[in-house]
Every structure is written in C-alpha cells, then in structure tokens.
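Residue numbers (numbering that gives the first Met the number 0), protein chains in the order written: chain A, 0 to 533; chain B, 0 to 312.
The structure under discussion appears below in the form of structure tokens.
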Amino acid sequence: MRTRRFHMLVSAIGLSIGLGLLAGAATEAVAQDNKKVLRFIPHAGLRITDPILTTAFMSRNHGYMIYDTLFAVDDKMQVKPQMVDKYEISGDKLTYTFTLRPGLKFHDGAPVTSADVVASLTRWSKNDTMGQKLFTYTKELKAVNDTTFQLVLKEPYGLVLDSLGKPSSNVPFIMPKRMADTPASQNVPEEIGSGPYRFIKAEFQPGVKVVYEKNPDYKPRSEPASFTSGGKVVKVDRVEWTTIADPQTAMNALIKGEVDIWEQPAFDLLPELKKQKDIEIRNLQPLGMNYMLRMNWLQPPLDNVKVRQAILHAVQQEDYLAAQVGDPEYYKVCGAIFGCSTPLATTAGAVGTKKADVAKAKKMLAESGYKGEKIVIMAPTDLNSINQLPLVSAPLLRAIGMNIEVQSMDWQTLVGRRAKMDPIDQGGWHIFHTAWGTADMMNPIANAGTKGLGKQGGFFGWTEDAEMEKLRDSYAREPDPAKQKAIAEAVQKRLYEMVHYIPLGEYFQPSAVRKNIKGMLPSPAYVLWNIEKQ
Amino acid sequence: MLRLILSRLVAAIPVMGVVAIFVFLLLRLSPGDPAAILAGDTATPEAIAAIRADLGLDRPIPEQFITWIGQLAQGDLGKSVLSKQPVATMIGQRVEPTMSLALTTLIFAIAVAVPMGILAAWKQGSWFDRGIMALSVAGFSIPVFVLGYIMVFFFSMKLDLFPAQGFAPLRDGLPAFLERIALPTVTLSFIYIALFARITRTAMLEVLNEDYIRTAHAKGLKEHVVLVRHALRNAAIPIVSVIGIGFALLIGGVVITETVFNIPGIGRLVVDAVLGRDYPIIQGVILVFSGVYVLINLAIDVAYVLLDPRIRY
Numbered sequence: 000m001r002t003r004r005f006h007m008l009v010s011a012i013g014l015s016i017g018l019g020l021l022a023g024a025a026t027e028a029v030a031q032d033n034k035k036v037l038r039f040i041p042h043a044g045l046r047i048t049d050p051i052l053t054t055a056f057m058s059r060n061h062g063y064m065i066y067d068t069l070f071a072v073d074d075k076m077q078v079k080p081q082m083v084d085k086y087e088i089s090g091d092k093l094t095y096t097f098t099l100r101p102g103l104k105f106h107d108g109a110p111v112t113s114a115d116v117v118a119s120l121t122r123w124s125k126n127d128t129m130g131q132k133l134f135t136y137t138k139e140l141k142a143v144n145d146t147t148f149q150l151v152l153k154e155p156y157g158l159v160l161d162s163l164g165k166p167s168s169n170v171p172f173i174m175p176k177r178m179a180d181t182p183a184s185q186n187v188p189e190e191i192g193s194g195p196y197r198f199i200k201a202e203f204q205p206g207v208k209v210v211y212e213k214n215p216d217y218k219p220r221s222e223p224a225s226f227t228s229g230g231k232v233v234k235v236d237r238v239e240w241t242t243i244a245d246p247q248t249a250m251n252a253l254i255k256g257e258v259d260i261w262e263q264p265a266f267d268l269l270p271e272l273k274k275q276k277d278i279e280i281r282n283l284q285p286l287g288m289n290y291m292l293r294m295n296w297l298q299p300p301l302d303n304v305k306v307r308q309a310i311l312h313a314v315q316q317e318d319y320l321a322a323q324v325g326d327p328e329y330y331k332v333c334g335a336i337f338g339c340s341t342p343l344a345t346t347a348g349a350v351g352t353k354k355a356d357v358a359k360a361k362k363m364l365a366e367s368g369y370k371g372e373k374i375v376i377m378a379p380t381d382l383n384s385i386n387q388l389p390l391v392s393a394p395l396l397r398a399i400g401m402n403i404e405v406q407s408m409d410w411q412t413l414v415g416r417r418a419k420m421d422p423i424d425q426g427g428w429h430i431f432h433t434a435w436g437t438a439d440m441m442n443p444i445a446n447a448g449t450k451g452l453g454k455q456g457g458f459f460g461w462t463e464d465a466e467m468e469k470l471r472d473s474y475a476r477e478p479d480p481a482k483q484k485a486i487a488e489a490v491q492k493r494l495y496e497m498v499h500y501i502p503l504g505e506y507f508q509p510s511a512v513r514k515n516i517k518g519m520l521p522s523p524a525y526v527l528w529n530i531e532k533q
Numbered sequence: 000m001l002r003l004i005l006s007r008l009v010a011a012i013p014v015m016g017v018v019a020i021f022v023f024l025l026l027r028l029s030p031g032d033p034a035a036i037l038a039g040d041t042a043t044p045e046a047i048a049a050i051r052a053d054l055g056l057d058r059p060i061p062e063q064f065i066t067w068i069g070q071l072a073q074g075d076l077g078k079s080v081l082s083k084q085p086v087a088t089m090i091g092q093r094v095e096p097t098m099s100l101a102l103t104t105l106i107f108a109i110a111v112a113v114p115m116g117i118l119a120a121w122k123q124g125s126w127f128d129r130g131i132m133a134l135s136v137a138g139f140s141i142p143v144f145v146l147g148y149i150m151v152f153f154f155s156m157k158l159d160l161f162p163a164q165g166f167a168p169l170r171d172g173l174p175a176f177l178e179r180i181a182l183p184t185v186t187l188s189f190i191y192i193a194l195f196a197r198i199t200r201t202a203m204l205e206v207l208n209e210d211y212i213r214t215a216h217a218k219g220l221k222e223h224v225v226l227v228r229h230a231l232r233n234a235a236i237p238i239v240s241v242i243g244i245g246f247a248l249l250i251g252g253v254v255i256t257e258t259v260f261n262i263p264g265i266g267r268l269v270v271d272a273v274l275g276r277d278y279p280i281i282q283g284v285i286l287v288f289s290g291v292y293v294l295i296n297l298a299i300d301v302a303y304v305l306l307d308p309r310i311r312y
C-alpha cells in the first residue's frame with residue numbers, strides 16, 4: 000500500500016515538474032509580422048533622445064536615424080550638401096546663402112522651413128565646440144524665405160561648411176522650430192525629425208529598446224550613399240535597437256540569429272565570433288577611436304610642464320593598445336592628434352608613440368623639482384573599453400620614480416569627480432584616461448583636448464595656453480586647406496611641447512554582423528540606412 | 000483581520016518616511032553628477048553647469064528634498080534625469096518582466112520543492128532523502144549566473160529548444176511568454192527549490208513525530224491524508240514564512256538572472272539608474288518596493304492567521 004502511495008506522490012511531483020518544463024518548452028515562434036525587421040544591439044542603451052543636449056554617441060546615432068543634416072561628409076571627408084539643394088558664398092566670403100531641397104517634410108507632416116533651420120543651428124551653437132566657434136564669427140543667421148536662409152559673418156571664417164557638415168557630436172541636426180526653441184540645457188520634448196526613420200515613441204523603453212520605422216515621406220538624394228552623405232535609402236521597414244548588457248548573451252543572440260548586428264562586440268569574443276559561419280566581423284568605423292591620458296594642469300606638480308614632459312617620455316602606446324585591445328589587427332600606434340588617416344594627419348612633434356625613453360623621463364623628472372608628491376590616477380573599473388589604461392600608466396610612471404595612487408571608481412563617479420578643480424585632499428585628481436572618436440577630433444576646433452582656455456571654457460584638466468588659442472583661432476580664420484594643414488601641424492607640436500594630453504594610440508572597434516545583412520556603410524557615425532536583409 | 004490589515008498599513012507610513020529620507024540623503028551624499036553624465040564626455044564645464052542648474056541640482060539639499068516630498072505627496076515620483084520619462088511609467092514598463100519571473104520562479108519552486116521536502120521527511124534517511132539533501136546543497140552552492148550560462152549553452156545553443164535571451168510579455172501570447180521565461184525560471188528556481196525543500200523537510204520532521212500524527216495513523220487514515228492534511232498543515236507556518244521572505248528576496252535579487260537572460264526588469268532598471276546617477280528612478284523604485292515588501296509581510300501575517308486559528312494579532 001505504502002509503495003503505491005509513494006508512486007502516486009512521485010507521479011504528482013513528476014507531473015508538476017513536467018508541466019513546468021512542457022510549458023517552458025512551448026517553442027512556437029513569436030508571431031512575426033510581414034515587415035522586414037532589422038535587429039541591432041547598440042553599444043549602450045539609449046536614454047537621452049536629444050543629440051544636442053549630450054555628446055553621447057548613442058544619442059548621436061539615434062539622431063542620424065530620425066533627423067537630417069544640412070551638409071554631410073563623404074568617404075574622403077569632403078563636405079557635401081544634404082538637406083541643402085544649393086548654396087552661394089559672396090565674393091567677400093562674408094555671406095553664405097543656402098536653399099533647402101524641395102519637398103523636405105518632418106515626421107508630423109509639416110514642411111521643413113528656414114525658420115526651423117535657424118532655430119536648430121542656434122540651439123546647436125550653444126553646446127557644440129565647432130558651433131560655438133562658428134557663432135563667435137557670426138553676425139547674423141536669418142531666414143530669407145521659407146526655403147532660403149543666410150549666414151552673415153563678421154569676418155571670413157574657414158570652417159563654415161565643415162561646421163555644418165560635421166559628422167559627430169554634436170551634429171547640427173535640424174528639428175522643428177518648436178523643439179529647437181527648447182533651451183540647450185534641456186531635453187527636447189519630442190522626437191520629430193525629417194530623417195529616414197520615424198521614432199516610435201509608444202515602444203520606447205529608455206535603456207532597453209528603441210523602435211524606428213521607415214519614413215515613407217523621406218526623399219533620398221540621388222547620389223550614392225557615402226559616410227554620412229548621399230542618398231539615405233531605407234530598405235527595411237523597421238529597426239529595433241535592443242540593449243544587451245552582457246557580452247556573452249549578446250554573442251549568443253547573434254549566433255542564434257535573434258539579432259542581426261552587434262555594434263561593439265568585446266575584443267576577447269572576436270575569435271569565437273570569427274569561427275561562426277554565419278557571422279562576419281566588419282570594421283564600419285574606418286576613422287577609429289583614440290585613447291588619451293589627460294592631466295590636470297591646476298594640480299601640483301602637474302602645473303609644472305617639466306613634470307608633464309617627463310610623463311610624456313615615460314609612456315609608449317604599444318603597452319596601452321596591447322593591454323586594452325590585444326589584437327594588433329584592431330589598433331595602430333600613431334602620434335597624430337587629428338586622427339591617423341584624416342586630411343590633417345601628421346607625425347610632427349609626436350613623442351613616445353613607439354618607444355618610451357625611461358632614462359630621459361627620469362632625468363627630466365629629477366630636473367623638474369618633483370619631490371615625490373602623490374599622483375592620483377582615477378581608474379574606471381566598470382568601463383571595459385578603457386579600464387586597462389590606468390593600470391598600464393601606473394607601473395610606467397612608478398618606473399620613473401613617481402608616487403602613484405590608483406583610485407578605482409565607476410565611470411560616472413569619475414565623470415563627476417573630474418569636474419572638480421579642488422586640491423587632492425578635497426576630492427581633486429591628477430590624471431584620467433578616456434577614448435574619443437576620431438570624427439570628434441579631426442581638426443583643432445573640433446578637438447576639445449587642444450583648447451587652451453583654462454578654467455574659462457577649457458576641457459577638464461583646464462589647459463591654459465594663450466599660444467595654443469592663437470593657433471586655433473588662426474586655423475579657424477584660414478580658408479586655404481594647405482595653410483590650414485600647416486597650422487594644424489603647429490597645433491600638434493604645441494600640444495606635445497606643453498603636453499595638453501598624451502595620445503595613447505588609435506583603435507578600431509569592429510562590428511559583428513550576420514552574413515545576410517548587406518549594404519552596411521562605413522561611416523564616422525553608426526548609420527543604418529542602405530541596409531538589406533537577405 | 001481587517002483591523003490587522005489597517006494597523007499594518009498605518010504602521011507602514013513612518014517606515015516609508017524613513018526610507019524616503021534615507022534614500023534621498025544617501026544619493027545626494029554619494030559621489031557622481033547626473034549633469035555631467037547627461038552632457039556627455041566632451042561637454043564643456045559651462046554646459047554641465049547649465050544642465051545642473053536646470054535640474055535644480057545646484058540648489059541646497061533641504062530645498063531639493065522639500066521639492067521631492069511635495070511631488071510625492073501628489074503621487075508624482077518625478078521624471079528620469081536622463082530620459083525625462085515619468086518614473087512611474089518606467090517602473091510600470093519594468094514591473095511585468097520582474098514580477099513574471101518572480102512569480103513563475105516562486106510557483107515552480109514551490110511545486111517542486113514542497114513535495115520533495117515532504118517526501119524527504121517521510122522517507123527520512125533513505126536514498127531519496129539523501130539525494131534531495133545533496134541536490135539542496137548543490138542548489139545553494141552553484142552561482143545563478145553559472146547555472147544560467149549552462150542552461151543557455153545546452154537548452155538554447157546546443158538543443159535549440161529555447162531562445163538565448165529576451166522577454167515576451169503575456170500580451171504576445173502564452174506560448175511566446177513561456178518560451179522566453181522558462182530558462183530564467185528554472186535557473187533562478189534552483190536556489191529556492193533547495194531552500195524550500197530543506198525547510199519543508201525540517202518542519203515536516205518535527206511534526207511527524209508528534210502524538211497527533213501517531214493518533215491519525217492509529218485511526219487508520221490514509222498516508223497522504225496524514226501527510227497533507229495533518230502534518231503539512233501544522234508544518235506550514237515556517238514554510239510560508241520562508242516562501243514569503245524568498246519572494247521578497249526574489250524581487251530584489253533577480254538582477255543577475257535578468258542580465259544573463261537580457262530581461263528588462265526592475266533589477267536592471269535600478270543598476271542602470273545607479274550607474275547613471277538617475278536619482279528620481281532610484282528613489283522611486285526603492286520607495287515602491289519598500290511598499291511591496293510591507294505588503295508581502297502583511298500577506299504572510301494574514302496567511303498565518305488563515306493557516307493556524309490559534310494565532311491572534
């Protein structure tokens with residue numbers, strides 16, 4: 000009797016387990032609509048939908064989905080008209096007259112007008128480095144009629160079109176005037192653009208999921224797509240951005256075909272991904288990214304240029320690149336501060352790219368009067384893309400006799416703390432490391448690391464250098480590209496001489512893409528038009 | 000009973016007040032600057048200062064607190080600093096995945112663990128009992144992320160039975176929901192099965208030695224009636240307590256499972272908010288879930304009364 004009851008109980012347990020597993024094993028596919036859906040894992044979750052408020056690449060890439068630009072760049076970094084149909088420059092180079100392409104429409108059906116353009120550019124100029132510079136030379140920006148607008152300068156300025164066509168943050172996207180009238184320190188309240196995709200607000204989950212649908216009213220240009228310019232032809236009906244925080248999970252999803260593109264696979268997973276027959280590794284950002292070591296000029300002993308130069312001679316790029324990236328296929332030792340493959344690329348003045356000079360660094364440190372003061376390096380442990388860099392700097396600087404303290408923290412703590420100008424014992428800092436896209440630093444105006452404005456508008460570290468500012472100004476005024484290049488060389492030499500920052504090499508973050516995805520465009524920003532899912 | 004519920008709800012008000020003050024101060028005194036995060040890496044200090052002023056973060060802390068409490072009094076949890084979405088909406092979007100995972104885990108764990116614990120107690124010292132206890136130790140010992148990756152490797156990547164990641168809400172249909180929730184549920188259940196099975200076994204062992212169980216047997220009652228109606232009912236109080244605590248822990252502890260299986264739940268919302276110093280979200284989630292914990296404890300107390308008429312409050 001007992002045995003029978005026991006069997007009944009075991010059966011009951013088995014049934015309960017079985018029911019659970021059977022229910023779980025119900026593997027009917029999720030109902031698919033008949034639209035062509037492109038599924039994409041971005042490098043982070045989108046939270047800020049305003050690409051003017053923030054310089055974050057996520058917001059910039061989102062901006063390219065739903066907004067359009069007046070100008071854009073091709074694969075030779077030449078500025079090309081995008082929303083602009085034609086433009087004229089007056090003989091004295093003071094008046095630029097632009098005419099918009101006919102038929103441009105926002106996603107709410109309203110036509111794009113000159114008033115929208117004027118409001119958008121004005122707002123952009125509050126936050127963007129190149130925009131700020133352009134507007135210091137601007138006498139007036141005005142709408143002539145609904146499709147024509149004029150930029151009138153106080154004096155000739157060599158970077159008008161470069162500014163309007165800049166491909167990376169902050170990109171001068173065009174929004175409806177009612178949105179662009181929002182103060183530049185506030186998020187715009189809507190997501191209405193005139194770009195190739197429409198933002199589907201009802202499906203937006205900040206940090207989790209963003210959905211875009213093809214904009215049926217968008218009229219691509221007739222030229223072939225190239226970088227951010229040319230015809231933005233949309234060949235899928237819907238794009239879903241799904242954030243997957245765990246790299247292993249992201250890789251599994253890509254291998255199983257649950258997603259089509261993984262924007263930034265972890266470098267250590269690339270060998271496994273390369274083994275997969277349905278997946279390709281593609282470098283879609285040919286301009287690459289750049290690591291840098293930034294010092295705080297307000298903080299003794301780094302206020303002493305000789306100490307900074309000693310640090311410059313103590314480091315070598317290969318160490319950083321090998322530790323952070325690993326595979327030489329994806330990095331390049333390069334001392335050019337405006338990118339290693341851009342029109343302004345040069346090796347002028349570059350120090351410490353290939354080999355550190357430890358003996359010289361020690362000698363310079365001894366001559367500097369350094370007395371063993373503690374140097375605080377802020378180390379972000381949670382940011383996988385740069386978390387090895389401080390750990391490389393520490394032993395290199397200890398090797399020349401510096402007293403180094405590495406303070407571990409999360410990236411957001413670092414971002415908050417680097418804004419402090421206070422002494423070390425009150426939460427100040429000496430050194431942090433970061434990485435910038437080449438597209439954000441391709442000339443002396445765009446590259447915020449070259450600023451010599453100190454506490455009044457300088458980037459964190461507050462490099463104050465009047466000579467550098469003179470050079471930057473002369474670059475901005477110079478319309479002749481050959482002369483611009485000569486000035487850019489002088490800027491680079493000055494940067495190394497005063498050690499505004501130390502370039503730590505260029506790297507390329509490839510994407511992992513399923514092989515049935517065709518037509519992806521290399522670009523300084525991540526763009527998702529022109530893509531076919533076969 | 001109604002008096003019990005009302006008195007507990009009234010007592011929860013000062014608890015929530017203390018939680019609100021504590022969370023607010025903790026966040027304001029911790030390092031990090033939402034304005035700097037919002038502005039981006041290459042933003043100028045001036046742009047950051049403008050954003051900070053716009054968010055009201057440059058105002059004195061007491062003033063910020065009063066503003067927040069004023070909003071709360073009107074039922075407004077505020078808006079996310081980063082996305083500008085209402086916090087209540089964001090919590091609403093994330094509650095379903097977390098609660099679904101917590102509930103399916105709880106149901107699955109109880110369905111498996113309680114019968115296992117009863118049988119282990121009934122067959123104390125047998126191979127079955129030892130097997131259950133060994134499984135229990137394994138359940139406590141294997142980290143949930145290790146188990147998660149193993150499950151994905153076999154059941155998703157090798158056998159292709161389940162998707163590797165993601166969550167489907169119930170409105171997408173029961174099959175889609177179950178297909179996505181099955182692996183995370185089984186993964187997360189493991190430790191709770193171990194816990195519930197051990198507690199059930201221990202509580203049952205105590206009761207099975209009581210005189211009234213012997214009497215029940217002497218009366219000729221069937222074995223399952225003795226086990227379920229007499230023994231389990233009297234052993235239920237500690238089991239219900241642990242299940243209640245387990246449920247509360249589940250809600251707060253699903254973040255690793257959510258990450259491994261890419262489930263957009265409350266756990267990830269909070270982790271992302273902490274990393275982004277999105278104060279309103281952190282404050283809102285902690286407040287809401289303090290309330291949920293109060294309700295869970297209340298539900299446990301109510302269950303005590305229903306299970307054991309001797310208990311009075």
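In this text, a Cβ means the ideal position worked out from N, Cα and C, and glycines have one as well.
Residue contact with chain B for D236(A): absent (no Cβ-Cβ distance below 9 Å to any residue of chain B).
Considering only I47(A), G371(A), L388(A) and S367(A), the residue with the shortest C-alpha distance to V304(A) is S367(A).
With respect to chain B, the C-beta atom of T462(A) has no partner C-beta closer than 9 Å. In summary, G426(A) is exposed, with fewer than 16 beta-carbon neighbours lying within 10 Å of its beta-carbon over all protein chains present. For E262(A), the three-state secondary structure derived from DSSP is coil. Under the Cβ distance rule, P264(A) does not count among the residues neighbouring chain B, no pair being separated by less than 9 Å. For the pair G157(A) and P478(A), the CB atoms are nearer than the 9 Å cut-off. Take V301(B), set aside five residues on each side of it, and the residues of its chain with a beta-carbon closer than 8 Å to its own are M0, L3 and I4, in chain order.
The beta-carbon distance between L470(A) and A489(A), rounded to whole angstroms, is 5 Å. This is short enough to meet the 8 Å contact definition.
When rounded, the separation of the alpha-carbon atoms in L249(B) and I190(B) is 10 Å.
By the Cβ-count criterion, V111(B) is buried, with 16 or more other Cβ atoms from all chains shown falling within 10 Å of its own Cβ. Within the region 53-137 of chain A, the runs of alpha helix (DSSP H) that reach at least 4 residues and sit entirely inside it are, in chain order, 56-65, 113-126 and 128-135. Within chain B, no residue has its beta carbon less than 8 Å from that of I310(A); the closest one is some 22 Å off. At a cut-off of 9 Å between beta carbons, G62(A) makes no contact with chain B.
For A142(A), the three-state secondary structure derived from DSSP is strand. DSSP places Q149(A) in the uninterrupted beta strand (DSSP E) bounded by T147 to L152. With contacts defined as CB atoms closer than 9 Å, Q204(A) and M89(B) qualify as a contacting pair.
Taking 9 Å as the CB threshold, K83(B) lines the interface with chain A. In terms of beta-carbon proximity, F21(B) stays away from the interface with chain A, with every pair separated by 9 Å or more.
With a minimum length of 4 residues, the unbroken runs of alpha helix (DSSP H) contained wholly in the region 354-391 of chain A fall at 357-367. For W296(A), the nearest beta carbon of chain B is not closer than 9 Å to its own beta carbon.
Not a single CB atom of chain B sits nearer than 9 Å to the CB of L140(A). Excluding residues up to 5 positions away in sequence, G451 and R493 lie with their Cβ nearer than 6 Å to the Cβ of M467(A) in the same chain. In the three-state DSSP reduction, G287(A) falls in the coil class, being neither helix nor strand.
Q308(A) sits buried, since 16 or more C-beta atoms from the chains shown fall within 10 Å of its C-beta. Judged by DSSP in its simplified three-state form, T241(A) adopts strand. In the DSSP assignment, K208(A) falls within the unbroken beta strand (DSSP E) covering K208 to K213. Chain B places a beta carbon closer than 9 Å to that of S58(A), counting this residue as a contact. Taking a cut-off of 8 Å for Cβ pairs, the region 98-113 of chain A and the region 140-153 of chain A touch, as three or more such pairs fall below it. With its beta carbon less than 9 Å from one in chain B, N186(A) belongs to the interface.
Under the DSSP definition of a beta bridge, Y292(B) lacks any partner.
Below the 7 Å Cβ cutoff, chain A contributes N251 as neighbours of V151(B), in chain order.
In the displayed model, K78(B) falls within a strand according to three-state DSSP. A distance below 9 Å separates the beta carbons of R122(A) and A183(A). A distance below 6 Å between beta-carbons, with the five flanking residues on each side excluded, links G77(B) to the following residues of its chain, in chain order: Q70, V86 and P279.
Between M250(A) and E222(A), the CB-CB gap reaches or exceeds 9 Å.
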